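Trainee:
There are 2 protein chains.
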Amino acid sequence: MDEASFLEGYDPRKYPAVAVTVDVVALTIRDGRLCVLLVERGAQPFAGRRALPGGFVREETLDQAALRELAEETGLTPGGSSAEEDTAGGHEAGSELDRVHLEQLGTYGDPGRDPRMRVVSVAYLAFAPSLPEPTAGSDAARAYWVPVDEAKDLAFDHDQVLADGLERARAKLEYTPLATAFTGPEFTIGELRQVYTAVWGEELHAGNFHRKVLSVPGFVESTGETTARGGERGGPKPKLYRAGDARLLHPALLRPTREDRVR
Amino acid sequence: MDEASFLEGYDPRKYPAVAVTVDVVALTIRDGRLCVLLVERGAQPFAGRRALPGGFVREETLDQAALRELAEETGLTPGGSSAEEDTAGGHEAGSELDRVHLEQLGTYGDPGRDPRMRVVSVAYLAFAPSLPEPTAGSDAARAYWVPVDEAKDLAFDHDQVLADGLERARAKLEYTPLATAFTGPEFTIGELRQVYTAVWGEELHAGNFHRKVLSVPGFVESTGETTARGGERGGPKPKLYRAGDARLLHPALLRPTREDRVR
DNA sequence: CAAATAGTGTCTGTAAGACACTATGGG
DNA sequence: CCCATAGTGTCTTACAGACACTATTTG
Chain A
590 MDEASFLEGY DPRKYPAVAV TVDVVALTIR DGRLCVLLVE RGAQPFAGRR
640 ALPGGFVREE TLDQAALREL AEETGLTPGG SSAEEDTAGG HEAGSELDRV
690 HLEQLGTYGD PGRDPRMRVV SVAYLAFAPS LPEPTAGSDA ARAYWVPVDE
740 AKDLAFDHDQ VLADGLERAR AKLEYTPLAT AFTGPEFTIG ELRQVYTAVW
790 GEELHAGNFH RKVLSVPGFV ESTGETTARG GERGGPKPKL YRAGDARLLH
840 PALLRPTRED RVR
Chain B
590 MDEASFLEGY DPRKYPAVAV TVDVVALTIR DGRLCVLLVE RGAQPFAGRR
640 ALPGGFVREE TLDQAALREL AEETGLTPGG SSAEEDTAGG HEAGSELDRV
690 HLEQLGTYGD PGRDPRMRVV SVAYLAFAPS LPEPTAGSDA ARAYWVPVDE
740 AKDLAFDHDQ VLADGLERAR AKLEYTPLAT AFTGPEFTIG ELRQVYTAVW
790 GEELHAGNFH RKVLSVPGFV ESTGETTARG GERGGPKPKL YRAGDARLLH
840 PALLRPTRED RVR
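Line by line, the protein sequences are chains A and B. Just so you know, we're using this note's numbering here: the first sequence kicks off at 590 and counts up by one. Just so you know, we're using this note's numbering here: the second sequence kicks off at 590 and counts up by one.
1. Could you give the distance in angstroms between the alpha-carbon of residue 732 of chain A and the alpha-carbon of residue 717 of chain A?
2. Apart from the five residues just before and just after residue 802 of chain B, which ones in its own chain have a Cβ nearer than 7 Å to its Cβ?
3. Output yes or no for whether 8 Å exceeds the beta carbon distance between residue 750 of chain A and residue 614 of chain A.
4. Using 10 angstroms around the beta-carbon of residue 699 of chain B, count the other beta-carbons present and answer buried if the total reaches 16, otherwise exposed.
5. So does the region 754–769 of chain B actually touch the region 829–840 of chain B, counting three or more Cβ pairs closer than 8 Å?
6. Tell me the DSSP secondary structure of residue 722 of chain A in three-state form.
7. For residue 798 of chain B, which residues of its own chain have a beta-carbon under 6 Å away from its beta-carbon, when the five flanking residues on both sides are left out?
8. Just the C-alpha distance for residue 747 of chain B and residue 660 of chain B, rounded to the nearest angstrom, thanks.
9. Hey, out of A:647, A:710, A:771, whose CA is closest to residue 624 of chain A's CA?
10. Using a Cβ-Cβ distance cut-off of 8 Å, determine whether residue 753 of chain A contacts chain B.
11. Since residue 711 of chain B contacts residue 693 of chain B with CB under 8 Å, what's their CB separation in whole angstroms?
12. Is the CB of residue 700 of chain A under 8 Å away from at least one CB in chain B?
13. Please list, in chain order, the chain A residues whose beta carbon lies closer than 8 Å to that of residue 649 of chain B.
14. Measuring alpha carbon to alpha carbon, tell me which of B:657, B:739, B:833 ends up nearest residue 610 of chain B.
15. Quick check on DSSP: helix, strand or coil for residue 799 of chain B?
16. In whole angstroms, give me the CA-to-CA distance for residue 789 of chain B and residue 804 of chain B.
17. Using the three-state DSSP reduction, which class does residue 707 of chain B fall into: helix, strand or coil?
18. Could you check whether the Cβ of residue 663 of chain B sits closer than 8 Å to any Cβ belonging to chain A?
19. Within this structure, are the beta carbons of residue 704 of chain B and residue 634 of chain B separated by less than 8 Å?
20. Taking just the CA atoms, how far does residue 689 of chain B sit from residue 774 of chain B?
21. List the residues of chain B whose Cβ lies closer than 7 Å to the Cβ of residue 696 of chain A, in chain order.
22. What are the uninterrupted segments assigned as beta strand (DSSP E) that are 3 or more residues long and contained completely in the region 723–774 of chain B, given in chain order?
23. So, at 8 Å on beta carbons, what are the nonlocal neighbours of residue 674 of chain B in its own chain, with the 5 sequence-adjacent residues on each side left out?
24. Have a look at residue 786 of chain A and residue 612 of chain A and give me their C-alpha separation to the nearest angstrom.
25. Does the distance from the CB of residue 757 of chain B to the CB of residue 793 of chain B come in under 8 Å?
26. Are the CB atoms of residue 691 of chain B and residue 655 of chain B within a distance shorter than 8 Å?
27. Please report the distance separating the alpha-carbon of residue 767 of chain A from that of residue 617 of chain A.
28. Would you say residue 788 of chain B faces chain A, with C-beta separation under 8 Å as the test?
29. Run through chain B and tell me which residues come within less than 8 Å of residue 607 of chain A, C-beta to C-beta.
30. Buried or exposed: residue 800 of chain B, going by 16 or more other Cβ atoms within 10 Å of its Cβ?
31. Go ahead and label residue 791 of chain B buried or exposed: buried means 16 or more other beta carbons lie within 10 angstroms of its beta carbon, across all protein chains shown.
32. Locate the beta strand (DSSP E) running through residue 814 of chain A, then write down its first and last residues.
33. What is the rounded straight-line gap between the Cα of residue 561 of chain A and the Cα of residue 738 of chain B?
34. For residue 642 of chain A and residue 650 of chain A, what's the separation of their Cα atoms in angstroms?
35. What are the boundary residues of the beta strand (DSSP E) that residue 693 of chain A is part of?
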């Protein structure tokens, strides 16, 4: 049966129900460590286990569903989590949420990934600047940031989803300027380098990194300012930069040569 | 509502029905042109319009659903298209279908993309070696290969899906050896170059391409043989190669420097 | 002052692209 | 014989990484 014939004679009640959810791999950097937002599950199955935040898709686009879930779990956008109406139109002028990068990661739909029914989950990947612990807010009390190397044994197939998200994030830092999505609106080259070292888990040569970043057109642009103070343990006041207008890095910033080209 | 609370009190009948389909962007190269597999729609909506092959997801993984749709539309795997049982277990030892590369492309789920109900479609991208026109087979009579630059005004949001698939394919040729998925099991460097020019739509310098391909470890390996005859308009008998064991090209084969790093 | 960081200079190996050239075989 | 293609040589430019070095600021 192809799509055409399916749509001709389609009757929803003839087929087993399928639920569509979104799950979000939200990454941020806290204290120099790459962290992911997790929630504690209260109910079966996987009660007590940690899981990626996510939920049912309503009358909205998939992107909107992912943004809504992220907002609810981080407690960032004041948009009420109680409203049951169509959220397609508006959530209030979000604060830090506007600086969050959100993209689709992949879709996970193996039969049996949820023991109770067929659930197809569209996973999203989010890059966020350092955010406050979400416990402050209302109903997001069960969510918290966990260093990615401590995020194991997640519910459902979320270990795999997280692994896919991390690999995507590492690859994206190579050829896009998305590292700036982890920083504030103004940042130093050193802060940018810390993003790379946190995500890649590898030390980078400070001098070469500095020159490389400035040589890629459109990656960063100078604000003309410097920080008010030098580093905590000394050093000159570094210059401040903004994200540039490039959407692709050319030439790319390749990860340290893992001779391990996968065979 | 997050996933945890959704799963606690979930009742499928409380929510509007959602259908999940797979659609396949199947690409091949015919007569030096990049072509996509399309089907003619017989029923409303979009009757008479062309669309990507696809269909309803059954009790199977999403990957299996995509492979099954592709098999049915190309008429390649003898596996019956009439069987209604669980296909998770087996399709017969497929012929050319084993050489097809299949990967998930993305998921499209805007409300209203199908005028009758909420349909979330998981799109797949397939790279196939030159295949016979599928009209030969049974129920695949409505499917045919169309040069991608003539594939316009497709049904649903398939123009967008196709565009995303093409961009993915072009990018993948840069850093993976997937160009070999478009060729037969043995190929010449010239044939491989034709894959690149067809997909990228750009001429490549034959000499530099030749040296570059051979210099990337694991991209191709020599069979020690040459073709039986030279080119149609003369020339030496080129050597034959097989796909190597690399899964990533290092260093990558970058597209001709579009100074247009996207801004 | 000591230590740490920002930022620059320089050198080396590798890779990409431009161009030229030889060799081979079909029409 | 003509011409297109296979395959190689060489040169120039660009870039990545290693290393060294100076300057600046905090404790």
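Backbone N, C-alpha and C define an ideal beta-carbon position, used for all residues, glycine too. What you are looking at is a predicted structure, and each value in this text was computed from that prediction instead of being measured.
Mentor: Reading it off the structure:
1. 15 Å
2. 778, 781, 808, 809
3. yes
4. buried
5. yes
6. coil
7. 782
8. 20 Å
9. A:771
10. no
11. 7 Å
12. yes
13. 700
14. B:657
15. helix
16. 21 Å
17. strand
18. no
19. yes
20. 11 Å
21. 651, 693, 696, 711
22. 732–736
23. With a pLDDT of only 39 at residue 674 of chain B, under the threshold of 50, the placement of this residue in the model should not be trusted, and no figure is reported.
24. 26 Å
25. no
26. yes
27. 12 Å
28. no
29. 607, 608, 609, 646
30. exposed
31. exposed
32. 809–815
33. Any question about residue 561 of chain A goes unanswered here, given that chain A covers just 590 to 852.
34. 17 Å
35. 690–697
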